[in-house]
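K.L.:
Residue numbers (this note's numbering), protein chains in the order written: chain P, 1 to 113; chain C, 1001 to 1113.
We treat Cβ as the ideally placed atom computed from N, Cα and C, and that holds for glycine.
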DNA sequence: TGAATATATTCGCTTATCCATATATACAGT
DNA sequence: ACTGTATATATGGATAAGCGAATATATTCA
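Next up, the structure:
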């Protein structure tokens, strides 16, 4: 994971909105992100695909849903940067509104590591 | 300072190379960055201007040199993210080479806060 | 099997980003 | 004033990034 590649991925508002929610809420399915962020499903999916291809998030299917979470193999420095980003996001829009709007729409099973 | 704007600024290799050196070495003049990073002076200047306009770095003139440093008004979360970036940069190129190649070419006076 | 739900991908377009080159500005020393 | 050094900016062109709309795929349930 190259630092500039990582930060370029983080430096898009839609992707950062997804990541901030993943940091704060844990594993989420696409429809929960769409619901909280209020952007179109294809837009969210496209940005999640970039994060997935870049190794920032992992995805797993569970029934009809696909759950995303911060990648297990994310380096410590990258995870720390995301936590800082989430801190900064608390005070600014649209991130704060996303977190407030968030609601569970599907329960991930804990059965998968 | 909006998180996505900040991370977009960080997500360019040239700018991140400058920032990693500023985190590690403190206040630096442009010619030291050009010397360590080995990119053209206009290229470095242009990226520093973006960082300056974005409030990430402060600049002060001292004689014929202009010294840059992390902005005094950088929020804690942004400063923490930069420190994480510098951690990540230690293990990867071209950042490690920049730091190794770095040498002082001008001494900033400590007289200015 | 067929319909409904969830998610992913492709396409054409627009805009933003980055670059190299050339040039401008500011200061220092003679 | 003139020269050299340090730094900044403007210009035009190439490439990349992001978007909406349409469509494709996968799963569930009846």
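#1: Pull up the distance between the alpha-carbon of residue 49 of chain P and that of residue 1050 of chain C, whole angstroms please.
#2: Taking the CB atoms as reference points, tell me whether residue 1014 of chain C and residue 1047 of chain C lie closer together than 9 Å.
#3: Measuring alpha carbon to alpha carbon, tell me which residue in P/2, P/110 and P/44 is nearest residue 62 of chain P.
#4: Counting only Cβ-Cβ distances shorter than 8 Å, please list the residues of the stretch 92-112 of chain P near chain C, keeping chain order.
#5: Only counting the same chain, and skipping five residues up and downstream in sequence, which positions put a Cβ closer than 7 Å to that of residue 1024 of chain C?
#6: Kindly identify the DSSP beta-bridge partner or partners of residue 1061 of chain C.
#7: What in chain C is Cβ-close to residue 16 of chain P, meaning under 9 Å?
#8: Give me the Cβ distance between residue 68 of chain P and residue 59 of chain P, rounded to the nearest whole Å; I'm assuming they're in contact under 8 Å.
#9: Whose Cβ in chain C lies nearer than 7 Å to the Cβ of residue 80 of chain P?
#10: So which residues of chain C does residue 88 of chain P contact, with C-beta pairs closer than 7 Å?
#11: Could you give the distance in angstroms between the alpha-carbon of residue 1033 of chain C and the alpha-carbon of residue 1102 of chain C?
#12: Looking at C-alpha atoms only, which residue of C/1022, C/1003, C/1017 and C/1042 is the closest neighbour of residue 18 of chain P?
#13: Return yes when the C-beta of residue 1061 of chain C is under 8 Å from any heavy atom of the ligand HEM, and no when it is not.
#14: By how many angstroms is the C-alpha of residue 7 of chain P removed from the C-alpha of residue 82 of chain P?
#15: Specify the secondary structure class of residue 1019 of chain C as computed by DSSP and reduced to three states.
#16: Identify each residue in the stretch 1034-1058 of chain C for which the Cβ-Cβ distance to at least one residue of chain P is less than 7 Å, and report them in chain order.
#17: If you reduce the DSSP assignment to three classes, tell me which class residue 105 of chain P lands in.
P.N.:
In terms of the structure at hand:
#1: Within the first chain, numbered from 1, the residue matching residue 49 of chain P stands at position 49. Within the second chain, numbered from 1, the residue matching residue 1050 of chain C stands at position 50. Spanning the two alpha carbons is a distance of roughly 29 Å.
#2: Position 14 of the second chain, counting from 1, holds the residue named residue 1014 of chain C. Position 47 of the second chain, counting from 1, holds the residue named residue 1047 of chain C. Their beta carbons are under 9 Å apart, which means residue 1014 of chain C touches residue 1047 of chain C by this criterion.
#3: Position 62 of the first chain holds residue 62 of chain P. Residue P/110 is the option with its Cα nearest to residue 62 of chain P.
#4: 92 and 95
#5: For this step, residue 1024 of chain C is matched to residue 24 along the second chain. So the qualifying residues of the chain are 1086 and 1099.
#6: One-based indexing of the second chain puts residue 1061 of chain C at position 61. The partner list for residue 1061 of chain C (beta bridge, DSSP) reads C/1066.
#7: Numbered from 1 along the first chain, position 16 holds the residue referred to as residue 16 of chain P. The contacting residues are 1003, 1004 and 1007.
#8: As a working mapping, residue 68 of chain P is identified with position 68 in the first chain. As a working mapping, residue 59 of chain P is identified with position 59 in the first chain. Indeed they touch by this definition, with Cβ atoms about 5 Å apart.
#9: What you label residue 80 of chain P is simply residue 80 of the first chain in a count that begins at 1. Per Cβ cutoff of 7 Å: 1084.
#10: The residue you call residue 88 of chain P lines up with position 88 of the first chain. Ordered by position in chain C, the residues that pass the 7 Å Cβ test against residue 88 of chain P are 1003, 1075, 1077 and 1078.
#11: Position 33 of the second chain, counted from the first residue, corresponds to residue 1033 of chain C. Position 102 of the second chain, counted from the first residue, corresponds to residue 1102 of chain C. Taking the straight line joining both Cα atoms gives about 8 Å.
#12: Translated into positions along the first chain, residue 18 of chain P becomes position 18. The option with the nearest alpha carbon to residue 18 of chain P is C/1003.
#13: The model depicted lacks the ligand HEM and carries no ligand whatsoever.
#14: In the first chain, counting from the first residue as 1, residue 82 of chain P sits at position 82. In the first chain, counting from the first residue as 1, residue 7 of chain P sits at position 7. Rounded to the nearest angstrom, the two C-alpha atoms are 10 Å apart.
#15: Position 19 of the second chain, counted from the start, is the residue given in the question as residue 1019 of chain C. If DSSP states are grouped into helix, strand and coil, residue 1019 of chain C belongs with the helices.
#16: none
#17: Here residue 105 of chain P refers to the residue found at position 105 of the first chain. Note: residue 105 of chain P maps to coil in three-state DSSP.
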